[in-house]
Amino acid sequence: MGFFLPYQMALHELESDFKIIDLEWKTRYGYSVIEHKKTRIKTLRSLVEKIQRKEIPLTQEAVRNEIRDILGVRIVTSFVDDVYMLKEHIQQREDIRIIRVKDYIQDPKMSGYKSLHLIVETQVILSNEIIWVPAEIQIRTSAMDFWASTEHKLNYKYQGETIPEDAQKQLIELAKASSLMDKEMSRLRTQLLAN
Numbered sequence: 001m002g003f004f005l006p007y008q009m010a011l012h013e014l015e016s017d018f019k020i021i022d023l024e025w026k027t028r029y030g031y032s033v034i035e036h037k038k039t040r041i042k043t044l045r046s047l048v049e050k051i052q053r054k055e056i057p058l059t060q061e062a063v064r065n066e067i068r069d070i071l072g073v074r075i076v077t078s079f080v081d082d083v084y085m086l087k088e089h090i091q092q093r094e095d096i097r098i099i100r101v102k103d104y105i106q107d108p109k110m111s112g113y114k115s116l117h118l119i120v121e122t123q124v125i126l127s128n129e130i131i132w133v134p135a136e137i138q139i140r141t142s143a144m145d146f147w148a149s150t151e152h153k154l155n156y157k158y159q160g161e162t163i164p165e166d167a168q169k170q171l172i173e174l175a176k177a178s179s180l181m182d183k184e185m186s187r188l189r190t191q192l193l194a195n
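Counting from 1, one number per residue, gives the positions in the sequence shown under UniProt numbering.
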């Protein structure tokens with residue numbers, strides 16, 4: 001079996017899982033929890049760069065055990081509460097095991113970055129065996145996603161260098177503003193649902 005094949009299979013499984021979760025959500029709550037979703041499998045170049053940066057031995061076993069984000073899924077929701085409810089839905093599935101949680105919403109990175117990262121293993125059933133394939137699932141709100149993607153584009157210019165301090169401060173202030181927008185949208189939703 002080729003190195004990337006299990007990740008391609010796991011990607012199909014996760015796509016199916018999230019379609020089911022979203023369909024159930026629409027039926028139960030009356031709206032789609034997933035505003036949009038993006039998936040990717042690391043390119044060979046990106047994988048090799050990470051192997052070299054982390055000084056991982058060049059064996060398939062070492063790479064599979066040490067690099068848990070070869071397969072990545074980013075899910076964008078409308079509300080912060082939905083991020084955590086979606087995590088609970090994922091936890092309830094028997095075909096996905098959550099290995100580690102990094103909650104950058106409750107504990108943002110110094111840059112202001114916010115997102116919920118789940119390192120998971122997803123079940124792939126083959127004709128003669130069941131394998132568990134690692135993946136990273138990032139769940140964030142639209143506001144968090146806008147901030148993160150814009151910050152990434154702004155930082156791209158400074159690859160390998162430090163972004164100027166005044167720009168860092170502005171990014172942190174904008175992260176706070178996007179967080180305030182998330183809080184206000186959640187408050188408004190709660191208020192409207194109460195009426």
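Cβ coordinates follow ideal geometry from the N, Cα and C atoms, glycine included. Please read these numbers as outputs of a predicted model, since none were measured by experiment.
1. Here's a check: name, in chain order, each residue in its chain whose Cβ is nearer than 8 Å to the Cβ of D166, leaving out the five neighbours to either side.
2. Please decide whether E151 counts as near chain D, where near means a Cβ-Cβ distance under 9 Å.
3. Can you tell me whether E88 is buried or exposed? The criterion is at least 16 other CB atoms within 10 Å of its CB, across all chains shown.
4. Just mark V33 as buried or exposed, buried being the case when its beta carbon has 16 or more other beta carbons within 10 Å.
5. I need the DSSP call for V133, collapsed to helix, strand or coil.
6. Does DSSP classify L5 as helix, strand or coil?
7. What ranges does the alpha helix (DSSP H) occupy inside the UniProt domain "RelA/SpoT" (39 to 162), keeping only unbroken runs of at least 4 residues that lie completely in it?
8. Given that a residue counts as buried once 16 or more other Cβ atoms are within 10 Å of its Cβ, and exposed if not, what is P57?
9. Kindly confirm or deny that the segment 36 to 44 and the segment 66 to 75 touch, where touching means at least three C-beta pairs closer than 8 Å.
10. Note the first and the last residue of the continuous alpha helix (DSSP H) segment covering S32.
11. By Cβ distance, which residues of its chain are closer than 8 Å to T77, with the 5 residues on each side in sequence left out?
12. Are the segment 95 to 110 and the segment 45 to 64 in contact at 8 Å, needing three or more beta carbon pairs?
13. Measuring CA to CA, which of V120, D145, S111 is closest to Y7?
14. Quick one: Cα of W132 to Cα of L126, how far?
15. Among L23, V80, I137, K50, which one has its Cα closest to the Cα of E188?
With the structure as the only source:
1. none
2. No chain D is present in this structure, which holds just one protein chain.
3. exposed
4. Residue burial is scored here from C-beta neighbours: V33 has at least 16 other C-beta atoms within 10 angstroms and is therefore classed as buried.
5. Three-state result, V133: strand.
6. helix
7. 44 to 54, 60 to 66, 80 to 92, 142 to 156
8. Burial call: exposed.
9. A contact exists between the segment 36 to 44 and the segment 66 to 75.
10. It is not in any alpha helix (DSSP H) - S32 carries neither H nor E in the DSSP assignment.
11. V33, I34, E35, V83, L86, I139, R140, T141, S142
12. no
13. V120
14. 11 Å
15. With the sequence shown as reference, residue 188 is identified as Leu, and Glu is not the correct amino acid for it. Closest in C-alpha terms to L188, from the list L23, V80, I137, K50, comes V80.
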